[in-house]
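Remarks on the structure that follows.
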Amino acid sequence: MYLELVKKYLKSLRLISQSTSGEWVLIFGTQIAIMSCLFTKHWISFLVLLLLLARLMCYRSLLLVVKVGLAVGICVVMMMINREELTDFSTKIEQSQQSGQESSLIVTIDPIDLKTDGDYWTAIGSLVDITDFVEGRQSSASKRQNFSGSRVKLSDNHAWTGPKNQVVRLKVTGNWQDFETKTNFAGFDAKSYYYSKKMTHVFKISDVSHIEVVQQSEDWTVSLQNMRLSFFSHLEKIPFDRSLQLMMSLLFGQQQTIDSSLKQTITGLGLLAFFALSGEHLTILSHFLRKLAYRLNISRETTASLIFLILLCYCYLANWPVSIVRAFLAYSLKASRLMTDSIDGLGCSGVVIVCVNPYVVLDVSFQLSFALATTTFILAKVLAGNRLRTIVTRNLLVMLVATMILSYYFFEVNLLANLWSYLMASFFAFILVPYFLLLMGYGLRPIILESESLIGLMFKGYDLVLTVVGTIMELILNQLFLLLEVLNEWRFAKIVVGRLPAVVQMIAIIALLVFLKIVIKSTQLNEKGIQKRTIGPHTIKGIHNLVVTRITKYRIVLVIMLMIIGACLSYNWWNAKASVVMIDVSQGDSLLMFDRRKRWVTLIDTGGKYNFFDKTVDEQFPYYSVVPAIKSEGIQRIDQLILTHWDLDHVGNAKTILKEFRVKELLYVPTTKSGDEKSNQLAREILETANRYHTRVKSVQIGNSYEGNALHYSIIGPLREYDSKNESSIIVYAKFAQMSWLMMGDAEEKAEKSIMTTYPNLPVDVLKVGHHGSKSSTQEAFANWASPKISLISVEKNNRYGHPNKEVLERLLRISELVLKTSEDGAVRVDTYPNQQSVLEVVKEKSNAND
784 MYLELVKKYL KSLRLISQST SGEWVLIFGT QIAIMSCLFT KHWISFLVLL
834 LLLARLMCYR SLLLVVKVGL AVGICVVMMM INREELTDFS TKIEQSQQSG
884 QESSLIVTID PIDLKTDGDY WTAIGSLVDI TDFVEGRQSS ASKRQNFSGS
934 RVKLSDNHAW TGPKNQVVRL KVTGNWQDFE TKTNFAGFDA KSYYYSKKMT
984 HVFKISDVSH IEVVQQSEDW TVSLQNMRLS FFSHLEKIPF DRSLQLMMSL
1034 LFGQQQTIDS SLKQTITGLG LLAFFALSGE HLTILSHFLR KLAYRLNISR
1084 ETTASLIFLI LLCYCYLANW PVSIVRAFLA YSLKASRLMT DSIDGLGCSG
1134 VVIVCVNPYV VLDVSFQLSF ALATTTFILA KVLAGNRLRT IVTRNLLVML
1184 VATMILSYYF FEVNLLANLW SYLMASFFAF ILVPYFLLLM GYGLRPIILE
1234 SESLIGLMFK GYDLVLTVVG TIMELILNQL FLLLEVLNEW RFAKIVVGRL
1284 PAVVQMIAII ALLVFLKIVI KSTQLNEKGI QKRTIGPHTI KGIHNLVVTR
1334 ITKYRIVLVI MLMIIGACLS YNWWNAKASV VMIDVSQGDS LLMFDRRKRW
1384 VTLIDTGGKY NFFDKTVDEQ FPYYSVVPAI KSEGIQRIDQ LILTHWDLDH
1434 VGNAKTILKE FRVKELLYVP TTKSGDEKSN QLAREILETA NRYHTRVKSV
1484 QIGNSYEGNA LHYSIIGPLR EYDSKNESSI IVYAKFAQMS WLMMGDAEEK
1534 AEKSIMTTYP NLPVDVLKVG HHGSKSSTQE AFANWASPKI SLISVEKNNR
1584 YGHPNKEVLE RLLRISELVL KTSEDGAVRV DTYPNQQSVL EVVKEKSNAN
1634 D
C-alpha cells in the first residue's frame, strides 16, 4: 500500500514538473530577478526582469505563469517572514545598545562553526535566550519575544577553553556591536554579507561564565551533530598534514584548515571556485561510485539508491553548501525521473533553494555555482562530443562566463585559470578521490585494530598500505603546493580589469549573451545544415553557398561581440579619469595617485598591521585592504612606490605590493641611527624583495618629480637628516584637480618648521595630516601657515594611541572647511575628468546612500 502511495506521489510530481526544455530555467531566472529587485533595487535588476517577463509572455502558457507566480510568492512570503524576524531582533539589540548596559546570552555552538586563532575565537551560534541588564534588573526577552534559534555572530579576545568535538552551550556576557560597512571603494562589506546570512550584529564577549556539553537526549539533532564531529575528530588524527588539509578543504569545505598563503595562491590562480566546494566535486564522486558499483556487479536501481543516501550524508558532512545542494537536488530529480532534462533539473533545484532561503541570491558562491553550471549544461548539450576542439571551445566559453563574475568580485582574471582547473579536476578525479577514500578509513583504526579477527589482521595490512601511500602522497602534495606558488608568480597570465561601472557591466553581459547565442546557432548550422529546399536549378550548390554565407556572418558577429567584451573589460585602462585615493588601511597610511588612462601610477606608503598574536607582520592584511583597493581601479603596474619612512604602519604591506604588482621604481629614505632593529630588518626584507622582482631601487632626493597630464608632484622633504624616523619622512607636494596637495607622512614639529622656512609662500589646498593627527605634528604655527581647505587624516577607529589628538582635531576644524578621517568616513577619493570637473567622494557617505 505504501509503495502505491509513493508511486502516486511521484506521478503527481512528474505532472507538475512536466515542461518544455528551458521553462524551469526561465522560472528560476524570473525568481532571481525579482529577488534582486527587492534586495538591491538596482536598475540592471529591473531591466533584466522586464526582459524575462517579455520572454515569459512569448510562451503563452497559463501553467507557466502559475508556476512563476507560485515560486515568486513563496520567496516573497519567506523573505517577509525573515525580514520581520530580523527587524524585531535588530530593534531589541538597538535598545540594548542604547541602555549602555551589558547583555547576557545563552547560545549553542556547533564546533564546526568555531574558528580559533591563538588568543582569539569567533563562532556562529544558535540563540537559546537573551537577557538585558537594564537599571540593575534582568528582563528576559524570550518572555516578550521568542528569538530562540536566531543565528548570532560571537567574538572573543580570549583563548577558547571548551571542547572542540562536541556541541556546547555557553552563557556569555558582553555588548552588541554593528558589523562594519565597507571602508574602501569596492571593498568587503561585512554588514551586507552577514545580513545575507540573517545576522545583523556581532556580540563582543567580555566574559564566559558557563560552558556545558549539550546532551543528546535534549535534542535529536545533537546526536547527528556529534556523529559528524566524531567523524571529523577521527580524521584529524591522520598523521599526514598536507593530505588532511586538502581533504578537509576539497571534500568538506573547511577552508580554515588551509594556511593563508596557500589561499592567496589559489585565488591568484583562479582556482577559488574549484577549492571551494562545487557541484563538480559531487559529479566526480557520484561518477566514481557508479564505476565502483558496476565493477562490483550491483544493479542500477540499488546503485542509484545507495548513491542518493551517500550524497545525502555527504551534504550533511559538508554542512549544506549551496553548490553541493544544487548538484544533489539536480541529481535526485534526474535519478527519480522527475526531470529528464539536465538544464530543467538545474533550474528546478535553483527554484527550491531560493524558496527555502531567498537571501541566498546575495551569496557569491550561489551566483558563481549556478552561472557556471547553467553555461556548462547548455554547452554540453549544444557542443556535444569528445573531440579536442569541442572540449577546448566549451572550456573557453565557460571561462569567459567565469571571467565576467570573478572580475566583478576579485578585479582580476587569470588567463590560464581554465587550464589549471582542468588539470586539478583530472588530478582530483583519478588520484585524490581514491586516496581520500583510503584516508577516511583511518577513523576506524581504533576499533578494528583491537580485534584479533581476520578483519583486524587485514586492517593491519591496510595500515601499512596507508603509511606507504600517505608518505608518497605527502611528498607529491608538498611539491604540488610549491609548483602552485611558482605558477602564481606568472604575471603575464594575470589581467587586472578592476570594478566596472554598471552600464559597462550591462553592455558586457548583453554582448556575452549574444556571443553564446551565436556560438549555439553556428554549431547547429554546422551539424544539421539547412533543410533541403529548391534554390534555383543548382540546389546543392545554392545550399552550400547559403551555409557558407551564414557561417561567415556568424563569425563576423562573434568577432564584434568579442571586441565589445574586450573593450568593456579594459574600460579602466582607457578611462580618462585621473584620481587621488586615500586608502583606508586601519592605523596606517597609504595614498594612491594615477594620471589619465593610468599613464603614471604612484603609491605613497602601503600601510601595515602588526599581528599581536605571534608578534609578526600580518601578511594577510594587505589582501583585505590596499591590494583590492588598487586592483579595483584596474591597476596592475605601479610606476613609483614611495616609502616615506620605515615604520610598519607605513611599509608593512610593501612586500605584498611588490609581489602583486609590477613596480618599476621604489623611492625610500635611508634608515636613521635611531631606527629600531625591527624597522631596519623590515627595510632589508623589503629591499631584498624589490631586487627579487627586478624593481629599480633609489634613495630619495629633493626634486624627484613627475610631470603628467592631470598629475604633477615633486619631493620637497626631508630637507636634512634627522635622528627620528618620523622627522625623516618623505614629504610630497602635488598639483591635482586644480588644487595643491601636501602629503606629510609622519613628519613632526622639526620637519614642519623646515618646510615653513624653506617654502614660506607654498599654497596648500589639501593637507594630508602628518602622523595620523598626533600631538607631535600639525602644530599651531604649521596649521596656520598651511591653512588647508581640506584636511585628510588616515587613522583607525578607537585606536590605542588616541589619534587624532583632540587639540589637533579642533585646530583643523577651525582652519579647514572640511576634515575627513578614514575612521569615520572610510576611504576618500578625488576624481578629475578631461572637462576639468572634479568630484570628491567618501566611502561611508556612499554606502549610507545605498542603504
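So the sequence shown is numbered by our numbering: it starts at 784 and just counts up by one. Using N, Cα and C, we set each Cβ at its ideal position, and we do this for glycine too. Because the structure is a prediction, the values reported are computed rather than measured.
Residue i versus residue j - alpha carbon distance
i	j	result
Leu-1079	Ser-1013	30 Å
Leu-1441	Val-855	49 Å
Asn-1178	Asn-1355	27 Å
Gly-1528	His-1554	6 Å
Val-1342	Leu-1296	14 Å
Leu-1027	Leu-1220	12 Å
Ile-1041	Met-1030	10 Å
Leu-848	Val-1139	For clarity, residue 848 is Val in the given sequence; the question names Leu instead. Distance between the alpha carbons of Val-848 and Val-1139: 20 Å.
Val-1446	Asn-1474	11 Å
Val-1434	Val-1549	23 Å
Ala-1466	Trp-1429	6 Å
Glu-1607	Trp-1568	26 Å
Ile-857	Arg-866	14 Å
Lys-1336	Leu-1345	14 Å
Lys-1619	Val-1591	One point to set straight first is that residue 1619 is Gln, not Lys, in the sequence displayed. Roughly 33 Å between the two C-alpha positions.
Pro-1645	Glu-1532	This structure gives no information on residue 1645, because the portion of the chain shown stretches from 784 to 1634.
Glu-1471	Asn-967	30 Å
Gly-1036	Cys-1096	14 Å
Val-1108	Leu-1601	51 Å
Ala-837	Leu-1151	25 Å
Glu-1579	Ser-1462	21 Å
Val-1452	Thr-1541	20 Å
Leu-937	Val-985	6 Å
Leu-1206	Tyr-1192	24 Å
Pro-1587	Thr-1389	20 Å
Leu-1034	Glu-1416	35 Å
Trp-1203	Leu-1121	35 Å
Residue i, DSSP secondary structure in three states
i	result
Asp-1246	helix
Trp-826	helix
Lys-1481	strand
Tyr-1489	strand
Ile-775	The question about residue 775 has no answer, for the chain in this structure spans 784 to 1634.
Tyr-1393	strand
Asp-871	helix
Ile-1021	coil
Ala-1359	coil
Ile-1499	strand
Arg-1382	coil
Ser-1125	helix
Val-1578	coil
Lys-1277	strand
Ser-933	coil
Glu-1531	coil
Ser-1305	helix
DSSP beta-bridge partners of residue i
i	result
Gly-957	Ser-886, Ile-988
Thr-1524	Inspection of the sequence shows that residue 1524 is occupied by Trp rather than by Thr. Trp-1524 is bridged to Ala-1517, Val-1549.
Trp-904	Thr-899, Asp-939
Asp-1608	Looking at the DSSP assignment, Asp-1608 forms no beta bridge with any residue, so it has no partner.
Ile-1573	Val-1549, Leu-1601
Val-1364	Leu-1375, Arg-1612
Ile-994	Leu-953
Heavy atom of the ligand ATP within 6 Å of residue i beta-carbon
i	result
Ser-979	The model on display carries no ligand, and the ligand ATP is accordingly not part of it.
Worksheet entry | Segment contact flag, the segment 1384-1396 with the segment 1344-1355, C-beta cutoff 8 Å, min 3 pairs | Result no; under three Cβ-Cβ pairs closer than 8 Å.
Worksheet item: If you scan the segment 1421-1463 from start to end, which runs of the beta strand (DSSP E) of 3 or more residues do you find wholly inside it?
Response: 1445-1451, all fully within the segment 1421-1463.
Worksheet entry | Three CB pairs or more closer than 8 Å across the segment 1497-1511 and the segment 1610-1624 | No, the segment 1497-1511 does not touch the segment 1610-1624.
Discussion item. Extract the residue ranges of the alpha helix (DSSP H) inside the segment 1135-1216, only unbroken runs of 4 or more that lie entirely within it.
Written reply: Fully enclosed alpha helix (DSSP H) runs of no fewer than 4 residues occupy 1147-1165, 1171-1193, 1200-1210 of the segment 1135-1216, in order along the chain.
Discussion item. I want to know whether the segment 1142-1161 touches the segment 814-825 - three or more CB-CB distances under 8 Å.
Written reply: These segments touch.
Worksheet item: Is it true that the segment 1377-1385 meets the segment 1006-1020, where meeting means three or more beta-carbon pairs spaced less than 8 Å apart?
Response: The segment 1377-1385, when compared against the segment 1006-1020, does not touch it at the 8 Å Cβ threshold.
Item to complete: Specify whether the segment 1075-1095 and the segment 868-881 touch according to this definition: at least 3 beta carbon pairs, one from each stretch, less than 8 Å apart.
Response: No, the segment 1075-1095 is not in contact with the segment 868-881.
Worksheet item: Using 8 Å as the threshold, is the segment 877-895 in touch with the segment 839-848, meaning 3 or more CB pairs across them?
Response: No contact exists between the segment 877-895 and the segment 839-848.
Practice prompt. Please go through the segment 1031-1096 and give each complete alpha helix (DSSP H) segment of 4 or more residues, from N-terminal end onward.
Written response: Within the segment 1031-1096, the complete alpha helix (DSSP H) runs of at least 4 residues are 1043-1051, 1055-1058, 1062-1078.
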